[in-house]
Amino acid sequence: MAKLIPFFFVCVLNIVSNFKIIALADDNGSSGIASSESSSSSSCKNTNYQTFLPPPFQNISSTICKPVWNTYELRYTRIGDTTTIILSAPYTLGWVGIGFSKDGMMVGSSAMVGWINKHGHANIKQYYLRGKKHSEVIADKGELPLNNVPAAVATNGAEIYLAFQLQTTTPFGKQPILLAFGTKLPQNHHLSKHEDKTAIIFDFSSGSTGPSSNGLIKMRKSHGIIGIIGWGLILPVGAIIARYFRHKDPLWFHLHSVIQLVGFAFGLGTVLLGLQLYSKMHAHIPAHRGIGIFVLVLSILQILALFLRPNKDSKIRKMWNLYHSWFGRMALIFAAMNIVLGMQAARAGNDWKISYGFLVSFVIVAVIILEVLAYLKRSENRSLHNFHMDPATEVPFPSNNLPKAG
2 MAKLIPFFFV CVLNIVSNFK IIALADDNGS SGIASSESSS SSSCKNTNYQ TFLPPPFQNI
62 SSTICKPVWN TYELRYTRIG DTTTIILSAP YTLGWVGIGF SKDGMMVGSS AMVGWINKHG
122 HANIKQYYLR GKKHSEVIAD KGELPLNNVP AAVATNGAEI YLAFQLQTTT PFGKQPILLA
182 FGTKLPQNHH LSKHEDKTAI IFDFSSGSTG PSSNGLIKMR KSHGIIGIIG WGLILPVGAI
242 IARYFRHKDP LWFHLHSVIQ LVGFAFGLGT VLLGLQLYSK MHAHIPAHRG IGIFVLVLSI
302 LQILALFLRP NKDSKIRKMW NLYHSWFGRM ALIFAAMNIV LGMQAARAGN DWKISYGFLV
362 SFVIVAVIIL EVLAYLKRSE NRSLHNFHMD PATEVPFPSN NLPKAG
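Counting in this note's numbering, the sequence shown runs from 2 upward without gaps.
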């Protein structure tokens, strides 16, 4: 088992190094990036528009890109009086829209909405949002200064891209933007009610990603790596010590208590960062957020159990042991699931996923080996116990069969 520990920490170092590589690629660009994005688009993933967007969008040599909501990304560039805008968003079915408002409200705004119909045909239209009623969302109307270049919509993998150009003599500055999506396809170009929406202030005047965007990106990375260290490394190690090293009493208890308290601090930090991301980025990932809060509640109950631990001779000690062990296992299982959900939401690279897979695999293999060793030890102890409880009896000397002296 001691020989496996260095490999365990190699996996952890690999995760951390991959995290740093991803961070550097996000902040500084990469040599393998397609020409459609410059180093200023550092906060978004790299995309080669030439494979799915028509000209002139596929020929854009430099764009500025910022994450805006959930996993939505807004790319833009301005050449002369022409501003090119490309919105990317996750897509399965329905429609995705981006609106331009004067006051941040839906009523009175104009929006570009795109979707792929059931026959695979792409559709993108401008809508004027005259009111909140279904009949007041009017297709092919609006106040956006579109130029003569046809707008385009296309899917690439699991994402949809809306691309269009605006012709304005005055450059955009800080512009209220509306983002929304619906899960039903438009019928006769009539939009279904949105499933979710948000309003943001987007600064088109910045020449690069602003400090707030970079700060959110770093916060998201910190959220991920602290969660990996806390829930994927520290807490499982503490649980392993509690189960398989009880013969080192009382050392195991002190180690278990300290390690779990440190792991809880990491887990609490992860949740606090997640709540900040939710409030600042409006990240709508209900499953990830809900499981995270659930795991935090379980961990708080575990910490309380540590301080309310009954004596060994107490009648409720057995119930406490069952509660503490099974709640702890449930917290670790849900935490591992949530880490995977978080990586999917953040669109982590394959290197990151493979490294975390190695880490999880090592923990599982270590638990299996220790469980087998513990089972063999228990079997050996039972055999020795039975041997001492049922010793071989000596055969009595049959005195009645002795020959009598003559």
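Just so you know, even glycine gets a beta-carbon here, dropped at the ideal spot from N, CA and C.
Bridge partner(s) assigned by DSSP for residue i
i    : result
A90  : I161
A153 : A164
R79  : T84
E144 : None, per the DSSP bridge assignment.
K67  : L75
P177 : I202
W353 : None, per the DSSP bridge assignment.
I99  : M113, L180
D197 : F182
Q188 : H191
6 Å CB neighbourhood of residue i in its chain, flanking five on each side removed
i    : result
G208 : Any reading at G208 must be qualified, since the residue scores a pLDDT of 44, below 50, and its modelled position is unreliable; the value itself is stated next. Once the five neighbours on either side are set aside, G208 has no close Cβ partner at all.
V272 : G293, L297
N312 : none
F203 : Q176, I178
H88  : Looking at the sequence shown, residue 88 is not His but Leu. Counting only Cβ-Cβ distances below 6 Å, and skipping sequence neighbours, we find L75, I99, L163.
Residue of the options minimising C-alpha distance to residue i
i    : options                : result
G270 : C66, N47, I226         : I226
L297 : K103, G329, I87        : G329
G183 : V361, V114, T83        : V114
L309 : S258, T169, M338, A266 : S258
E137 : P57, H191, D250, G291  : H191
L305 : M107, W321, I317, I229 : W321
K103 : W96, V97, S111         : S111
L323 : R244, G291, N71        : R244
N339 : A375, S315, G291, L299 : G291
S280 : K319, D250, R221, W327 : R221
W327 : S315, Q303, F53        : Q303
I201 : F101, F165, E381, K378 : F101
I80  : I65, P187, L94         : I65
L262 : K316, Q277, S300, P287 : S300
A1   : P146, L385, Q166       : Since the displayed the chain opens at 2 and closes at 407, residue 1 lies outside it and no answer follows.
Q59  : I86, M106, Y73, C45    : I86
M106 : S384, E381, N49, T199  : T199
S193 : G95, V341, S356        : G95
T189 : F205, W116, N49        : It is worth fixing the name first, because residue 189 is Asn in this sequence and not Thr. The shortest C-alpha separation from N189 is found at W116.
A346 : P287, L256, D250       : P287
Cβ shell of residue i (< 7 Å), same chain only, five flanking positions each side left out
i    : result
P237 : L333, V364
D141 : K126, Q127
G343 : G225, G228, H289
L25  : Reliability fails at L25, whose pLDDT of 34 lies under 50, so the model's placement of it is uncertain and no value is given.
G264 : G231, I235, L236, G239
L307 : S258
G275 : H224, R290, G293
N118 : N124, L186
F335 : I292, F295, V296
R247 : W253
Inter-residue Cα distance where the pair is residue i and residue j
i    : j    : result
V154 : H135 : 23 Å
N47  : W253 : 48 Å
K185 : P91  : 14 Å
T67  : E196 : Inspection of the sequence shows that residue 67 is occupied by Lys rather than by Thr. The straight-line gap from Cα to Cα measures roughly 23 Å.
Y162 : E144 : 21 Å
V150 : H120 : 25 Å
A123 : E160 : 13 Å
S223 : W353 : 14 Å
F267 : G358 : 20 Å
D82  : Q168 : 6 Å
Y129 : V108 : 9 Å
K133 : T170 : 31 Å
L374 : S384 : 15 Å
P55  : I369 : 54 Å
N351 : G158 : 16 Å
R379 : S315 : 25 Å
L180 : K219 : 23 Å
Y77  : P146 : 15 Å
F173 : N148 : 15 Å
L377 : A367 : 15 Å
T84  : T156 : 22 Å
S39  : V97  : Here the model assigns S39 a pLDDT of 35, short of 50, so the residue's position is not dependable, and the following value carries that caveat. Each residue's alpha carbon lies about 26 Å from the other.
S356 : V341 : 12 Å
F205 : I61  : 17 Å
T409 : S63  : Here the chain has residues from 2 to 407 only, and residue 409 is not among them.
Sequence-distant residues of the same chain with beta carbon closer than 8 Å to residue i, five excluded per side
i    : result
A337 : W232, G233, V361
L371 : M2, I241, R244, Y245
I317 : P311
Residue i at chain B interface by Cβ criterion, 8 Å
i    : result
K198 : You won't find chain B in this structure, because it holds only one protein chain.
message: Extract the residue ranges of the beta strand (DSSP E) inside the region 107-140, only unbroken runs of 3 or more that lie entirely within it.
response: 110-117, 123-130, 138-140
Uninterrupted alpha helix (DSSP H) stretches inside the region 270-328 (no shorter than 4 residues): 287-308
Alpha helix (DSSP H) runs wholly inside the region 218-258, at least 4 long, in chain order: 236-245
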